[in-house]
Each structure stands twice: as C-alpha cells, then as structure tokens.
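S.K.: Below is a structure I'd like to ask you about.
There are 2 protein chains.
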Amino acid sequence: MDLRRLRYFVAVAEARSVGKAAERLRMAQPPLSVQIRKLEAEVGAPLFRRGTRGMDLTEAGQALLARAGEALALAADGIEAARAVAAGSRGRISVGYMFVLANAMLPRLIPELRRSIPGVDLDFVELSASTRVARLLDRSVTVALCMPAIHHPEIQVARIGAQPFMLAMPARSPLARLGAVPMAKLQGRPLIALPRPDEDPASSAVAALLRRHQIVMPIASRVETVHSAMSLVLAGEGLAILPACAKLGAPQGIVFRPLRDATDSIDIAVCWRRDSQSPLIRTFLRCTEKVVSRL
Amino acid sequence: MDLRRLRYFVAVAEARSVGKAAERLRMAQPPLSVQIRKLEAEVGAPLFRRGTRGMDLTEAGQALLARAGEALALAADGIEAARAVAAGSRGRISVGYMFVLANAMLPRLIPELRRSIPGVDLDFVELSASTRVARLLDRSVTVALCMPAIHHPEIQVARIGAQPFMLAMPARSPLARLGAVPMAKLQGRPLIALPRPDEDPASSAVAALLRRHQIVMPIASRVETVHSAMSLVLAGEGLAILPACAKLGAPQGIVFRPLRDATDSIDIAVCWRRDSQSPLIRTFLRCTEKVVSRL
DNA sequence: GCCAACCCATACGTTTTCGGTATGCCAATG
DNA sequence: CATTGGCATACCGAAAACGTATGGGTTGGC
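Chains A and B, in that order, give the protein sequences. Residue 1090 is where the first sequence ends in the numbering used here, and the numbering goes up by one at each step. Residue 1090 is where the second sequence ends in the numbering used here, and the numbering goes up by one at each step.
Rendered as structure tokens:
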C-alpha cells in the first residue's frame, strides 16, 4: 500500500475522471489508469464505476476516500511538523533552573519566551545542584539556567551575567546597621554553608573569597539549598554569603548587605548538551540575555 | 513522501536501530539505512541522532513519529474499510419502500436486517410511485421494495411474493356483512382509484381485473396514495380495491373483504440497479423473502 | 447511420527507484 | 591493539513507474 497510489486515487476521485486527474497531476493518463487498477487489485474490489463520461466512486471507493484523505493530510502534517520542530517554530523546550534564580528570572523570562516562540511548549523543572548535569546529559532538560556554570566536556556553557555575593543576616543583627559590611567583620562568625565545594561550585567560590581575605568562619551548618540557608540565618544560627539575587526569595526578617572590598561575583550561565542541535537554544539564549541585562 | 518510507521510519524508531528494524522488516540493513537518509533529506533535518549504540529520535523525529503512526493506521484502515464494504460486512444500504408495504413488512424486516448485517448502516426512505425509478437510477436508494414490480431495462427485479386484491369499504356498508364479496356486486358502485395506469401499474392491474369480469365502476376520485384512498372510503365516497396488506395500515372503521372469483394478485418485488454490485443486495433479498414467507 | 470526439484500457520500451551484497568507517570494549 | 557492533557507501540486478502509441467502446452531431 503506497501513499502515491492513495494520492492518485484521491485525485481521480475528486476529478471524477482519469484524464482530468492526470492533467492536474502533470502526468500522462495511461500510467494513472494503471495505478488505479493496481490499487483496486490490492483492495480486491472495484473502487470506481467506469462510465462513458468518466469515473464514479463505488461504495467501497467512498469508504476508502474518507480515510485516504486523512492519511495523506496526516503524513503531510507529520513532515511539516518535523520541519517546524527542526526550524524551531514548534516543539518543546524543557528548561531546568536552580531555585535561587527562580524569583529573579522566571517572572520576566517566561513571558519573554512565550512572545519569542509562541508555538513552542515550555516546560520548567527545578534542578538540584547534584542532578543538573545528569538531567542535561539524559536530555530530560534541554537547557539549564545555572549559577555558577557547569563544567563538563559534553556540556556547552554561555555566561549571561554575574551576581555579586552579599551577606545575609537577621534584621536584628548589629551588622544590619552598616550600609556595607567590611570583610574583617566576618572574622570568627558562624557561617551557614552550602554543600561541600566538590559538590557545589558556588561553595568553593565562597571559600576562595574568605581565603583571599584571610577570614575564617566556623561552619555552623551545611545545607542543601539557599532556601534552607536563609531559614537558618533567620533562626540566628549564623550568617550566609549568597548571590545578590537570593534576596528576592528571602523571607521577612532577613536583610542583605553588600560586602565591602569583595568584588567577587558568581556567574549566571545557560548550559546545554553540546550535541543538542535544537535551534530553540539560540532563541532561549537571546531571551535570557535580554532578561539578565535588565536585572 | 512515500508511505513505505514512513513505515520504515516507524520501524527504525521503535527498534532504535537500523539493523534490528531491518531484521524485523525482513530486509538487509543498507537499503533501510538509505531510505532513512532519503526521508531525512526530504524533511531537511536529521530525524535520528546516530550514536555508537544505535539510533535515537531527535525532537523533529518525535514530532514525525506521532503523525506517521496515525497516517499508517489510517491508510491501512481505509483499505480494510473498502474491503469490508465490498464484502458487505460494512457500509450503508438505503432502502426505498412504498407506503402500502410499510406496516406489513418494516416491523419484521428491520430487525431481521440488523441481525443479518450488524455493521451496516440502514437507511429507509419512503418512495412515491412517480420517483422510485429515478431514485434507483441516481443511486439515492440502493434497493426498492415495490408493489408491483418496476419494469425498466436498467433495473433488475426479484419477485418475493404477491398480495391478493381485497375490497376496502366502510364498516357500516351492507357489503361488509358478506364474508366474501362476489365481483358482480361491484357493478356500478363508485371506485376510489389510484393514479392513471400509465403512471402506476397497480392501477392497471385493478383495471384489468374489472375488465375481465366485465364490471364497470365509475371513478369517484383519483388519489395518490393508498392512505388517501382509505380516507375517502371511510368518508363514504366509494370503494377501493387494494392489496390485502393495506389492511394493516387501515384506520378504524374500514373493513377489508376478499373478492370471490378474483384470483388476481399483485406482485411484491425487490428492485435494484442492474449494475449495482453491492453484495448487500443479496443479503437484503434473503431477508425480505424470509419476512414475506411469514406474512 | 456513419463519422468524429471522448475517455479509459492495454502494450511496450525507457527510466527511475529499490533491494541485496560487499565493504568501509568509527567508536567502544577487553 | 585487535575485535566487535553498528551505520554508511558503492555497485549491481530487479522491479516498478512513466511516457508514447494504440485499441475499443460509447456518445453525439451531421
């Protein structure tokens, strides 16, 4: 059963004539006649009544025509859909993001994406620091919004911005009276830290900052997420050194202050599989850059 | 865009491997590989990611796969539907009937048909004597239940039974006291006649009956339908000579009596276009014969 | 009533396309 | 480093499709 035969069949049925259909199909009449007879042989029954003034569908032919038209349309639509997906005007993009960035970026990024790629399904999933590489590699997310960037041979990175570190503390803390906190004031104070540097690069950036200023902060707790860190800060367990954008998700009672003398910052990056050829990634990148530039 | 290519594509996508798919398709691996690449060239984008451990659909490939499967199923279903219609296990049969026969036959015929051809849509249309030939010729009805039969070179007839003529009269008529009415008693009485013999053969059968017995009945009215004839009989306008089965549709107050000495009868027939090759006609014929035999 | 026109079917040669076999290339594996 | 597994390429024979030429049946006009 060949799609060409079905196309010919539909043409003949619509033209009610082999000759007319052949003309419209830009082919000679005899081969078309042959193809129709072959289709009838395949079905095992006549599909047309041959009259002296053309051809007319039999009941069996009418039954076939209904389905054949749909099948042709579906096949054509399938090809078209594949082209559209390849061109980036349709499809799905699954965006992984880290929780810290959610409040700062998503409210602006989502409408921007919907405007740029209206035919594309968007899918947002929160990523933990420990699984984001795996989620990219197994393609369960197309791109990841990371802070800091991922380093992996299979993963490509585009830096789209940076965030300075700030000090998070309870509002009632004496340090909160200062406009900016000198690094020296941190000496000896308890620190709420993120996971070990070998698991989370953000942590090692903080460690490097402290080391360079020769500050030692005893680690009061290690927590998984920025969220948890802020809860412990609020409880008075210690201070946290976090990217500035974490402020947007902070609960009441937490204040953020810049660190004087500390120019360190942490990169915001878009990461994706090197072999992912989705054209949507480029568009996604443009959108994130636009959003970050107005942060 | 060829249906074979889509079938190959689906096979490869499901097997996630050209080699495995080729095995299942009972063909060699290289030509299958070629067909896949041709499909990709047609789409203009890769449909698979080639890994060292097989093939994996790209997003564009996934978009195509969804439609391709449906298109294949629809095409196969179309062929199957055409076969079923040709075999008479599916389809539609449009049955024309004359009103006189409706009460006598349809209540038994319809359930019989539904049992015999459960997958077939039934469609019943009442035919007037004047249009039934045209309705058969333009195929707006597949078969017609006629009384009497149609004579036309394009139309085939199967006689399935006959109905004796009976006399219809008001219940209060003196003739109603007789068990059977001798023909002689009709002499000179007013007759409610059906359309002129050149338009309705039933009428000419009645005329022949009267002529043979040398009875003259003045025509009180000519009416189009048996229904109307009985109304006028009830109103006392005259008598009517009708097929026995008309009794079943008669209103209260009309009685039917056999005509003594009159062995005339009128045929009940199934009629259809000679070139109509629907296998349902044969089944329909069997059902009507069964019903008529128990009339 | 014959001839022309119309339309579908058949025949045959040519061309395109498809499938099979042999083989190459690449990566992963031991 | 050799072997294995898997896809891609090259080439050849076979099958299918297309075009041209032609036949046959019916309609409609002169």
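The beta carbon of each residue, even a glycine, is placed where N, CA and C say it ideally should be. Nothing here was measured: the structure is a model prediction, and the numbers come from that model.
Fully enclosed by the stretch 854 to 901 of chain B, which alpha helix (DSSP H) runs are 4 residues long or longer?
M.R.: Runs of the alpha helix (DSSP H) inside the stretch 854 to 901 of chain B: 854 to 882.
S.K.: Where does A/Met850 sit, in a helix, a strand or coil, going by DSSP?
M.R.: strand
S.K.: How would you list, in chain order, the residues of chain A whose beta-carbon sits under 8 Å from the beta-carbon of B/Ser1073?
M.R.: Against chain A, a Cβ distance below 8 Å from B/Ser1073 picks out Glu854.
S.K.: Chain B partners of A/Arg799, CB-CB under 7 Å?
M.R.: Asp797
S.K.: In three-state terms, what does DSSP make of A/Gln976?
M.R.: Inspection of the sequence shows that residue 976 of chain A is occupied by Val rather than by Gln. In this structure, A/Val976 counts as strand in the three-state DSSP scheme.
S.K.: Could you check whether A/Val1028 and A/Ala963 sit closer than 9 Å to each other, using their CB atoms as the reference points?
M.R.: yes
S.K.: Buried or exposed, going by whether 16 or more other CB atoms sit within 10 Å of the CB of A/Glu921?
M.R.: So A/Glu921 ends up on the exposed side.
S.K.: Could you confirm whether any beta carbon from chain B is found closer than 9 Å to the beta carbon of A/Gln857?
M.R.: yes
S.K.: Are B/Ala988 and B/Ala1035 closer than 9 Å when you measure CB to CB?
M.R.: It is a contact, given that the beta carbons lie within the stated cut-off.
S.K.: Are there 16 or more other CB atoms within 10 angstroms of the CB of A/Asp933, so buried, or fewer, so exposed?
M.R.: The residue in question, A/Asp933, is exposed, as its Cβ has fewer than 16 Cβ neighbours within 10 Å.
S.K.: List, in order along the chain, the chain A residues whose C-beta lies closer than 9 Å to that of B/Glu809?
M.R.: Within chain A, no residue comes near B/Glu809; the closest Cβ sits about 16 Å away, beyond 9 Å.
S.K.: Is A/Glu949 buried or exposed, if buried means 16 or more other CB atoms sit within 10 Å of its CB?
M.R.: exposed
S.K.: Would you give the residue range spanned by the beta strand (DSSP E) that A/Cys941 belongs to?
M.R.: Note, A/Cys941: beta strand (DSSP E), Val938 to Cys941.
S.K.: Need the endpoints of the beta strand (DSSP E) that B/Val1011 sits in, please.
M.R.: Run containing B/Val1011: none; DSSP gives neither H nor E here.
S.K.: Taking only the alpha-carbon atoms, compute the straight-line gap between B/Leu798 and B/Leu859 and give it to the nearest angstrom.
M.R.: One C-alpha to the other measures close to 13 Å.
S.K.: In whole angstroms, what separates the C-alpha of A/Val928 from that of A/Pro990?
M.R.: 16 Å
S.K.: Does chain B have any CB closer than 9 Å to the CB of A/Val1050?
M.R.: no
S.K.: Are the beta-carbon atoms belonging to B/Ala1003 and B/Pro1053 less than 9 Å from one another?
M.R.: no
S.K.: Do A/Ser1073 and A/Gly891 have their C-beta atoms closer together than 9 Å?
M.R.: no
S.K.: Check whether the Cβ atoms of B/Thr853 and B/Arg862 lie closer than 9 Å to each other.
M.R.: No, these two residues do not count as a Cβ contact at 9 Å.
S.K.: For A/Leu1075, which residues of its own chain have a beta-carbon under 8 Å away from its beta-carbon, when the five flanking residues on both sides are left out?
M.R.: Gly883, Gly886, Ile888, Ile912, Val915 and Thr937
S.K.: For B/Thr1083, does the count of other Cβ atoms within 10 angstroms reach 16, so buried, or fall short, so exposed?
M.R.: Residue environment for B/Thr1083: buried (at least 16 other C-beta atoms within 10 angstroms of its C-beta).
S.K.: Starting from B/Asp872, find everything on chain A with Cβ-Cβ shorter than 9 Å and list it in chain order.
M.R.: Arg862 and Ala866
S.K.: In this structure, how does DSSP classify A/Pro965 when only helix, strand and coil are distinguished?
M.R.: strand
S.K.: Under 9 Å, Cβ to Cβ, is there at least one residue of chain A near B/Arg878?
M.R.: yes
S.K.: Alpha carbon to alpha carbon, what distance is there between B/Glu1032 and B/Ala1015?
M.R.: For the pair B/Ala1015 and B/Glu1032, the Cα-to-Cα distance works out to about 7 Å.
S.K.: Can you give me, in chain order, the residues of the stretch 815 to 845 of chain B that have a beta carbon less than 8 Å from any beta carbon in chain A?
M.R.: Against chain A - using a Cβ distance shorter than 8 Å - the residues of the stretch 815 to 845 of chain B are Glu837, Val838, Gly839, Ala840, Pro841, Leu842 and Arg844.
S.K.: What residues in its chain sit with their C-beta under 8 Å from that of B/Pro985, if we drop five residues either side in the sequence?
M.R.: Result list for B/Pro985: Met1012, Pro1013, Ile1014, Ala1015, Glu1032, Gly1033 and Leu1034, in chain order.
S.K.: When burial is assigned at 16 or more other CB atoms within 10 Å of the CB, is A/Pro943 buried or exposed?
M.R.: buried
S.K.: Ignore the nearest five residues each way along the sequence and tell me which others in B/Pro996's own chain have a CB closer than 7 Å to its CB.
M.R.: Pro943
S.K.: By how many angstroms is the C-alpha of B/Gly849 removed from the C-alpha of A/Arg881?
M.R.: The sequence given here has Ala at residue 881 of chain A, not Arg. Going by the C-alpha atoms only, they are around 21 Å apart.
S.K.: Since B/Gly839 sits in a beta bridge, which residues does DSSP pair it with?
M.R.: Paired residue(s): none; B/Gly839 is not in a bridge.
S.K.: How many Å lie between B/Met1025 and B/Ile874 at the Cα?
M.R.: 51 Å
S.K.: Report the residue from B/Pro902, B/Val838 and B/Ala1030 whose alpha carbon sits nearest the alpha carbon of A/Tyr879.
M.R.: Inspection of the sequence shows that residue 879 of chain A is occupied by Ala rather than by Tyr. Residue B/Val838 is the option with its Cα nearest to A/Ala879.
S.K.: DSSP state of A/Pro826, grouped into three classes?
M.R.: helix
S.K.: Helix or strand or just coil, what does DSSP make of A/Ala944?
M.R.: Shown here, A/Ala944 sits in coil according to DSSP, grouped into three states, outside any helix or strand.
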